[in-house]
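Enquirer: So for the sequence shown, the working numbering puts the first residue at 1; every next one is plus one. In this text, a Cβ means the ideal position worked out from N, Cα and C, and glycines have one as well. Remember, it's a predicted structure, so these values are computed and weren't measured experimentally.
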Amino acid sequence: MKENPQRILGFKIFQAKLSLFWERFWQASFWPMMIAGGSLLAVFSGLLGLLPPVVGLGLLVLAGLAFVYSCRWLIKLGWPSQAQALRRIETKSKLAHRPVTAWHDDLADPGGDAQTQAIWQVHRKRQQEQFSDLKTGVPRSNWMYLDPWAGRFTLAILLLVTLVLNGQNWRYELARLAGDASVKTAQSVTVDAWISPPTYTRKPPVLLTSEAFKKTLENGGDIIIPEGSKLKVRVNGVSQFSIVVSQPLENGQPGKELETISASPAKGTGPEKEAGFSEATVTLKRPVHIAVKYQNKTRNQWMLALIPDDAPVVEVVENLSITPTGGFAVPWKVSDDYGVSSLSGGLTLVKKPDSQKARPLEFEPPVFTASLPRLNPKKAKGRAFQDLTAHPWAGQQVELVMSAKDQAGQIGKSRKIVFKLPERDFSKPMARVLVEQRRMLVQNPDDRLKVVKSLAAFMAWPEGVLEKSGNYLGWRKVVTGLYRAKTRDQIKGSVEEMWKLALTIEDGDLSEARRKLEAARKALQKALKEGASPEKIAELTKNLKDALNEFMQAMARQMQQAQAKNQQQQNGLRQNGQEIRARDLQKMMENIENLAKSGANDAAQEMLSQLENILKNLQPALSQRPMAPQRTPPGARSLEELTEMMRKQQELMDKTFKMPDQKFGEQPGGKQPNSKDGDKQPGAKNGNQLVTQQDQLKNLLGKLMEQMEKNGLPAPRSLEQAKRAMRDASRALKNGQKGPALGMQGNAMQGLRKGAEAMAKDMMRGQGDEGNFGDHAESSDSPNDPLGRPMPRNGADFGPGQDMLPKEIEIMRARDILRALRSRSNDRQRPKIELDYLQRLLDGLF
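1) Considering only C-alpha positions, which residue in the set Pro360, Ala384, Tyr338, Ile13 is nearest to Glu612?
2) Secondary structure at Gln624, three-state DSSP: helix, strand or coil?
3) Should Lys698 go down as buried or exposed, given a rule of 16 or more other Cβ atoms within 10 Å for buried?
4) Tell me which same chain residues have a C-beta within less than 6 angstroms of the C-beta of Gln410, skipping the five on either side of it?
5) Please name the residue, chosen from Arg488, Ile35, Asp222, Arg286, that lies closest to Asp447 on a Cα-to-Cα basis.
6) Residue range of the alpha helix (DSSP H) that Ala305 falls in?
7) With H, G and I counted as helix, E and B as strand and the rest as coil, what does DSSP make of Thr369?
8) Return helix, strand or coil for Thr283, following the three-state DSSP convention.
9) Excluding the five sequence neighbours on either side, which residues of its own chain have a C-beta within less than 6 angstroms of the C-beta of Ser342, listed in chain order?
10) What's the C-alpha gap between Asp309 and Val334?
11) State the beta-bridge partners of Arg234 as determined by DSSP.
12) If you draw a straight line from the alpha carbon of Glu173 to that of Thr209, how long is it in whole angstroms?
13) Inspect the CB distances between the segment 500-511 and the segment 548-558 and report whether three or more fall short of 8 angstroms.
14) By a C-beta neighbour count over all protein chains shown, 10 Å radius and 16 as the cutoff for buried, is Pro197 buried or exposed?
15) Using beta-carbon positions only, say whether Gly736 and Gly687 come within less than 8 angstroms of one another.
16) In chain order, what residues of the same chain have a beta carbon less than 6 angstroms from the beta carbon of Val478, not counting five sequence neighbours either side?
17) Using DSSP with H/G/I as helix, E/B as strand and the rest coil, what is Ala384?
18) Can you round the beta-carbon distance between Thr348 and Val398 to whole angstroms, since I take them to be within the 8 angstroms contact cut?
19) Please confirm whether Arg484 and Gly326 have their CB atoms less than 8 angstroms apart.
20) With a cut-off of 8 angstroms on the beta carbons, I'd call Ala725 and Asn747 a contact; round off their distance for me.
21) With respect to the alpha helix (DSSP H) encompassing Trp730, which residues constitute its N-terminal and C-terminal limits?
22) Please determine if the segment 281-300 and the segment 235-246 are in contact, where contact requires at least 3 C-beta pairs separated by less than 8 angstroms.
23) Report all residues from its chain with a CB closer than 7 angstroms to the CB of Ala36; omit the five preceding and five following residues, and keep chain order.
24) How would you write the range of the alpha helix (DSSP H) that Gly395 sits in, first residue to last?
25) Taking the alpha-carbon positions, what's the Ala16 to Ile75 distance?
26) Where do the ends of the alpha helix (DSSP H) carrying Thr480 lie?
27) In angstroms with no decimal places, state the Cα-to-Cα distance between Pro148 and Arg202.
28) Could you give the distance in angstroms between the alpha-carbon of Arg583 and the alpha-carbon of Gln750?
29) Using the Cα positions of Met402 and Asp387, report the straight-line distance between them to the nearest angstrom.
30) Could you name the residues of the same chain whose beta carbon sits closer than 6 angstroms to that of Thr363, not counting the 5 residues immediately before and after it, in chain order?
31) From which residue to which residue does the beta strand (DSSP E) around Val435 run?
32) Kindly give me the distance between the Cβ atoms of Ala280 and Ala291, rounded to whole angstroms, as I take these residues to be in contact under 8 angstroms.
33) Using the three-state DSSP reduction, which class does Asp337 fall into: helix, strand or coil?
34) Answer with buried or exposed for Ser141, where buried requires no fewer than 16 other C-beta atoms within 10 angstroms of its C-beta.
35) Please classify Lys597 as buried or exposed, where buried requires at least 16 other C-beta atoms within 10 Å of its C-beta.
36) Just verifying my parser: in three-state terms, what is the DSSP assignment at Lys378?
Structural data, given as structure tokens:
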């Protein structure tokens with residue numbers, strides 16, 4: 001600062017004084033601004049208008065007085081002094097010993113000697129040297145000390161929002177505060193009307209007051225909506241209006257008035273209700289003419305036609321069939337225009353002509369629920385399996401009615417089916433006695449003492465039989481409880497105890513294991529249907545696995561006991577004559593778990609229903625007659641080998657499908673299989689294994705065909721075609737061509753299947769001369785043909801036998817297809833017609 005320091009210091013002093021004045025003014029204006037802002041917020045938001053005018057005006061006057069009182073500090077404000085400005089400059093510039101103030105000082109004796117004047121000038125020069133970077137500082141607010149909770153920001157935001165939303169109605173708010181209701185809001189009267197179809201119809205809402213829809217009506221379009229839709233009308237700017245619902249005439253004019261619905265204040269807070277917002281809703285259940293009226297005039301009107309929502313249709317399509325365990329299967333078919341939500345069946349007892357004389361025990365009619373293949377299907381069919389052998393009505397004539405319910409709550413019923421409710425066959429004499437006496441007790445409870453005497457007789461004779469069975473205490477408990485029963489409810493309790501004891505005598509711990517398995521299955525099925533969390537589904541799946549293992553162990557123990565008595569050594573279980581092994585059930589459980597983890601709950605439910613069908617018809621694979629020694633002819637042995645070859649070819653296809661798309665042995669860097677390191681790569685190792693397995697399978701087929709020629713059996717031509725397809729598949733695998741390899745393997749499977757069918761037909765034609773062929777033709781009652789496929793049956797055919805589980809390649813293909821559909825449907829840049837088509841595909845799957 002070498003030139004004119006007085007001018008520069010003067011400017012800095014002015015800046016310092018201005019900053020000091022602004023800080024003092026800002027501090028003094030805090031309370032006036034807070035009071036003014038709060039008052040404006042109360043007025044413009046309508047809060048004061050909610051109070052009586054006297055109270056509102058009184059509060060406003062008090063706020064005005066508080067504002068005036070808080071302004072006293074503003075009145076006392078003065079302009080900062082020179083000394084205060086110099087001190088601010090020295091403080092903000094961080095100068096020690098106050099050089100700016102010292103530079104402005106004067107000598108006490110301006111007319112002193114020359115030496116004093118020289119010393120003074122040197123002193124001022126030294127002070128001036130510190131003026132190189134003088135600062136006055138930016139004005140700072142101290143509101144943070146006055147408002148540590150930052151309420152000023154909340155007030156500012158609320159005031160800004162209120163001014164934006166309701167600032168145009170300030171005249172109305174002030175007039176209402178003064179008690180003048182003649183002033184109206186600045187908002188104009190608008191009518192909004194829209195129709196919301198039921199969610200289950202998947203139809204979009206219709207905005208009746210939109211410009212696009214008005215043009216549609218002008219062009220002669222009709223308003224056709226699903227039955228059960230809701231019409232909502234909202235009028236802004238009018239506090240009262242009404243909707244007149246009339247019967248429509250053919251010329252489109254309103255006919256007989258059906259009802260009038262008055263509007264109610266719209267849901268909201270504060271000014272919304274007071275500003276005249278109101279709404280009314282109409283549920284449309286028939287074609288109507290709608291008119292919106294306010295201020296004694298019809299403002300809007302529409303003619304609405306409805307798409308009827310019919311009740312679901314349910315049919316019992318075939319005769320009921322009885323399962324080996326005493327249950328029954330109901331083949332059903334349902335359909336509904338928007339989807340069936342639930343399907344159930346109910347039974348009622350057919351009264352006998354002489355039933356008026358007897359007074360049988362009354363029990364709750366059994367009701368069961370049938371599992372639908374997917375959620376809310378429009379069309380579906382299946383079988384409902386139910387085991388009611390424990391119900392006291394078992395063995396009597398009943399009426400069955402299937403009921404289907406749609407998402408609108410409508411119920412459709414099937415025709416009545418009269419049949420005899422199946423009862424369980426007990427093999428042990430003591431269990432048969434209990435069930436027979438139980439039936440007598442249900443039909444005539446007045447003969448209770450006769451039943452007691454009959455059961456008590458078995459406790460005395462034959463001597464020792466009941467004690468050796470291990471059920472003496474249970475038998476005695478039933479007899480004692482029935483003897484002491486006085487009321488019908490107590491007799492019902494004895495009926496239930498008799499059934500439990502009969503199951504214990506017949507099955508041991510198998511019945512309890514079956515009950516736990518059924519409870520675990522139902523819990524998992526319910527969780528899948530309701531879309532439970534993955535953690536919950538995983539827990540229930542584990543419970544089902546444990547229950548299935550416990551059930552299999554109990555059934556294995558029962559089979560061992562029966563085998564020890566009958567001296568028959570057959571392993572496995574049978575379901576309608578078809579052998580089911582434990583690994584098949586475990587594989588099905590793994591598939592259910594994988595489908596649930598991948599989010600395919602519908603597919604998991606369907607497979608769970610298949611598991612239910614299998615378990616309800618599962619029984620030990622114990623023959624009822626001794627097996628005579630039989631010889632197995634060469635044709636049967638060849639057919640067995642061919643069947644095993646088909647299984648291995650299918651497994652090879654599954655492995656090929658899992659291989660990566662790049663060439664087997666080819667590395668991402670481009671190395672080929674014949675490179676030095678190629679065989680060390682996992683892809684090369686797996687690819688070479690597949691080639692080796694395919695060649696081995698081709699050689700086995702060649703040896704089989706040679707053996708058939710030696711035995712005088714002509715090899716079908718399709719086997720030669722299968723051999724060539726295996727050779728081509730091996731070449732494709734060597735070249736790393738996954739797609740052609742899968743195609744050739746599929747051709748090989750087709751050739752093997754055709755060859756097996758040809759051999760089976762030859763065996764069936766020669767069966768009259770050769771007799772039965774080992775396991776492929778045990779008797780004329782065998783449920784399978786020589787290929788092991790189910791033969792046509794008169795009753796129900798539960799489970800698909802050996803091919804009851806989908807192949808892994810099929811599951812992976814289904815997942816890939818589903819993933820591709822979802823990916824394409826999420827691509828919004830695709831044509832609308834394609835997106836609609838993809839959405840319909842996904843809606844059909846889920």
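Expert: Taking the geometry as given:
1) Nearest of Pro360, Ala384, Tyr338, Ile13 to Glu612, Cα basis: Ala384.
2) Note that Gln624 scores a pLDDT of 40, beneath 50, so its modelled location is shaky and nothing firm can be said.
3) Result: buried.
4) In its chain, beyond the 5 residues on either side, Ala311 have a beta carbon closer than 6 angstroms to the beta carbon of Gln410.
5) Between Asp447 and the set Arg488, Ile35, Asp222, Arg286, the nearest pair of CA atoms involves Arg488.
6) Segment 297-307 is the beta strand (DSSP E) holding Ala305; no alpha helix (DSSP H) there.
7) Strand, per DSSP.
8) The three-state reading of DSSP puts Thr283 in strand, counting E and B together.
9) Answer for Ser342: Lys405, listed in chain order.
10) Rounded to the nearest angstrom, the two C-alpha atoms are 15 angstroms apart.
11) Note: Arg234 is bridge-paired with Asp192, Glu279 in the DSSP secondary-structure output.
12) So the two alpha carbons sit approximately 30 angstroms from each other.
13) Judged by Cβ distances under 8 angstroms, the segment 500-511 makes contact with the segment 548-558, as three or more pairs qualify.
14) Buried, because 16 or more other Cβ atoms sit within 10 Å of the Cβ of Pro197.
15) Yes; because the gap between Cβ atoms is below 8 angstroms, this pair is in contact.
16) Beyond the five residues adjoining it in sequence on each side, Val478 comes within less than 6 angstroms, by CB distance, of Glu497, Met498, Leu501 in the same chain, given in chain order.
17) Reduced to three states, the DSSP call for Ala384 is strand.
18) Going by Cβ atoms, the distance from Thr348 to Val398 rounds to 7 angstroms, so yes, they are a contact pair.
19) Their beta carbons are not under 8 angstroms apart, which means Arg484 does not touch Gly326 by this criterion.
20) Taking C-beta atoms under 8 angstroms as the contact rule, Ala725 and Asn747 qualify, at a distance of about 4 angstroms.
21) The amino acid occupying residue 730 in the given sequence is Ser; Trp does not appear at that position. Residues 717-734.
22) Touching, yes, given that three or more Cβ pairs across the two stretches are closer than 8 angstroms.
23) Closer than 7 angstroms at the Cβ level, and outside the excluded window around Ala36, lie Phe67.
24) Judged by DSSP secondary structure, Gly395 falls outside any alpha helix (DSSP H); it is assigned neither H nor E.
25) Cα-Cα distance, rounded: 21 angstroms.
26) Here the alpha helix (DSSP H) through Thr480 covers 472-484.
27) For Pro148 and Arg202, the distance between alpha carbons rounds to 54 angstroms.
28) Distance between the alpha carbons of Arg583 and Gln750 is about 27 angstroms.
29) Cα-Cα distance, rounded: 16 angstroms.
30) Note that residue 363 is Phe in the sequence shown, not Thr. Within its own chain, the residues whose Cβ lies closer than 6 angstroms to the Cβ of Phe363, once the five positions on either side in sequence are excluded, are Pro392, listed in chain order.
31) Careful: Val435 lies outside any beta strand (DSSP E), inside the alpha helix (DSSP H) at 429-443.
32) About 12 angstroms separates the two Cβ atoms, so there is no contact after all.
33) Three-state result, Asp337: coil.
34) The residue is exposed, with fewer than 16 neighbouring Cβ atoms inside 10 Å.
35) Result: exposed.
36) Assigned with DSSP and collapsed to three states, Lys378 falls in coil, not helix or strand.
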